[in-house]
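Report on the structure given below.
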Amino acid sequence: MTTSDKLPDILQELCRNQPLAVLATAAGSAPYTNLVAVAFTMNLRHLFFATSRTTRKWHNLSSNPLVSFLMDNRSNEVADFSKATAATIVGSAKELIGVDREVGRNLYLTKHPHLSEFLAGPDCALFQVTIEQIYLVSRFQEVMKFDFSS
Numbered sequence: 366m367t368t369s370d371k372l373p374d375i376l377q378e379l380c381r382n383q384p385l386a387v388l389a390t391a392a393g394s395a396p397y398t399n400l401v402a403v404a405f406t407m408n409l410r411h412l413f414f415a416t417s418r419t420t421r422k423w424h425n426l427s428s429n430p431l432v433s434f435l436m437d438n439r440s441n442e443v444a445d446f447s448k449a450t451a452a453t454i455v456g457s458a459k460e461l462i463g464v465d466r467e468v469g470r471n472l473y474l475t476k477h478p479h480l481s482e483f484l485a486g487p488d489c490a491l492f493q494v495t496i497e498q499i500y501l502v503s504r505f506q507e508v509m510k511f512d513f514s515s
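FYI, in the working numbering the residues of the sequence shown are 366 to 515.
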């Protein structure tokens with residue numbers, strides 16, 4: 366098992382500082398991606414995101430909770446080929462309710478206070494993702510795997 370104190374600084378910085386990630390869900394055998402605002406727990410074992418219950422991603426998650434996220438620090442410059450870092454985060458999502466939703470809401474709004482009105486809406490769902498693996502790619506080809514599944 367990997368603990369957060371053994372995770373590279375670049376991964377911790379990426380997860381704590383980047384406000385957005387690309388979420389991949391699936392409907393049947395077809396993948397579907399969206400840009401979502403994310404917030405992580407300090408130990409990087411869970412992340413949170415919100416969506417309306419009227420979206421395709423919510424519908425996909427209601428039948429298949431397996432998700433993948435892509436986060437990166439690219440600047441869209443040629444230097445990205447040698448300097449950019451990307452993380453693929455694999456896990457399982459569940460919609461939070463009750464006390465769990467309040468705890469997740471507080472963490473999420475600490476990072477995204479500008480989304481408080483959206484999160485308070487009657488159709489807004491807050492999801493917690495239990496992270497199973499993170500694949501960190503740097504210098505375009507150096508890959509490190511961190512496994513949280515055990």
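No residue lacks a Cβ here, since even glycine has one placed at the ideal position from N, Cα and C.
Looking at residue j and residue i, is the spacing between their C-beta atoms short of 8 Å?
i    : j    : result
T450 : L379 : yes
V532 : L435 : This structure gives no information on residue 532, because the portion of the chain shown stretches from 366 to 515.
N438 : A391 : no
L372 : F492 : no
V401 : L385 : yes
F405 : G469 : no
T520 : D488 : Here the chain has residues from 366 to 515 only, and residue 520 is not among them.
G463 : E497 : no
K422 : N408 : no
E467 : A490 : no
Could you spell out the range, first to last residue, of the beta strand (DSSP E) harbouring residue i?
i    : result
Q498 : 489–503
V403 : No beta strand (DSSP E) holds V403; DSSP gives it neither H nor E.
Just checking my contact of residue i with residue j at CB under 8 Å: how many whole Å lie between their CB atoms?
i    : j    : result
E410 : F513 : A small fix is needed here, since residue 410 is Arg in this sequence, not Glu. About 6 Å; that satisfies the 8 Å criterion.
Y397 : T453 : With a Cβ gap of about 16 Å, Y397 and T453 do not count as contacting.
L484 : A415 : 5 Å
In the DSSP assignment, find the alpha helix (DSSP H) that holds residue i and state where it starts and stops.
i    : result
V464 : 463–476
H440 : Reading the sequence as shown, one finds Ser at residue 440 and not His. No alpha helix (DSSP H) holds S440; DSSP gives it neither H nor E.
F513 : No alpha helix (DSSP H) holds F513; DSSP gives it neither H nor E.
A485 : 481–485
N425 : 421–428
N382 : 374–382
Inter-stretch contact at 8 Å, needing at least 3 Cβ pairs: the segment 426–444 / the segment 480–487: no
contact_flag[the segment 446–466, the segment 500–514] where n(CB pairs < 8 Å) is 3 or more: yes
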